[in-house]
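Undergrad: Per this note's numbering, the sequence shown starts with residue 4, numbered consecutively. For every residue, glycine included, the Cβ atom is placed at its ideal position computed from N, Cα and C.
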Amino acid sequence: MITRKLAFGGLFIALATVLPVMFHVVGLGKVFLPMHIPVLLAGFFCGPVVGMLVGMVSPLLSAFLTGMPPLTPPVAQMMVFELALYGLLTGLLYEKLHLGGYVSLIGAMVGGRVAYGILGYLVLPLFGFEKVPLWAPLLGAIGQSLPGVIIQLVGVPLVLSLSKRDWRVLFPEKRSLTPGGLHHG
4 MITRKLAFGG
14 LFIALATVLP
24 VMFHVVGLGK
34 VFLPMHIPVL
44 LAGFFCGPVV
54 GMLVGMVSPL
64 LSAFLTGMPP
74 LTPPVAQMMV
84 FELALYGLLT
94 GLLYEKLHLG
104 GYVSLIGAMV
114 GGRVAYGILG
124 YLVLPLFGFE
134 KVPLWAPLLG
144 AIGQSLPGVI
154 IQLVGVPLVL
164 SLSKRDWRVL
174 FPEKRSLTPG
184 GLHHG
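1. Kindly provide the ranges of any alpha helix (DSSP H) runs that are 4 or more residues long and lie completely inside the region 7-56, ordered along the chain.
2. Quick one: using the 10 Å Cβ neighbour count with 16 as the cut-off for buried, is G2 buried or exposed?
3. Report buried or exposed for S65, applying the criterion of at least 16 other Cβ atoms within 10 angstroms of its Cβ.
4. Which of the three DSSP states, helix, strand or coil, is assigned to R168?
5. Could you check if A19 is buried or exposed, using at least 16 other CB atoms within 10 Å of its CB as the buried criterion?
6. Taking only three categories from DSSP, how would you classify K134?
7. Following the continuous alpha helix (DSSP H) through Q80, name the residue where it begins and the one where it ends.
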């Protein structure tokens, strides 16, 4: 089971690296937040540990391969913590606490954004940048990133719902997806 979760984790890392490229070409990465979706899905499908690892690896891999998110200012480094929390919290809230998909999703999104705000407040001045108010990332989610937040709130639960219907397309053997992650049915 852990091998399957790690394999899916690798798939989600690949998606989190490739998907943003399409949006950054037209300058809409900050609007649609394409890296966030695979990380949130990794938490739901692979559990908290693999979800957290996907969130940690994806922004750095993307930064080294594509230059986005930037390493200076330390956006990629701050996203490591934000996205790691996305993956960890979706997995914990959904798999361990058995909360619903929306509650887990919203809890992870808020937790990750709060962590990003705290890091921006503490870290950016160390690099000579203006201190960011703690509430700025939450305000950004309401303002500039609202389309991406809406896509997450609609798209992630839709994928979860569809995944519970029939996985035979992906798995020729009898397998199912449960809140606990992938396993043989």
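TA: In short, the structure shows the following:
1. 32-35, 39-49
2. This structure does not reach residue 2, given that the chain is present from 4 up to 188, and the question cannot be answered.
3. buried
4. helix
5. buried
6. coil
7. 78-94
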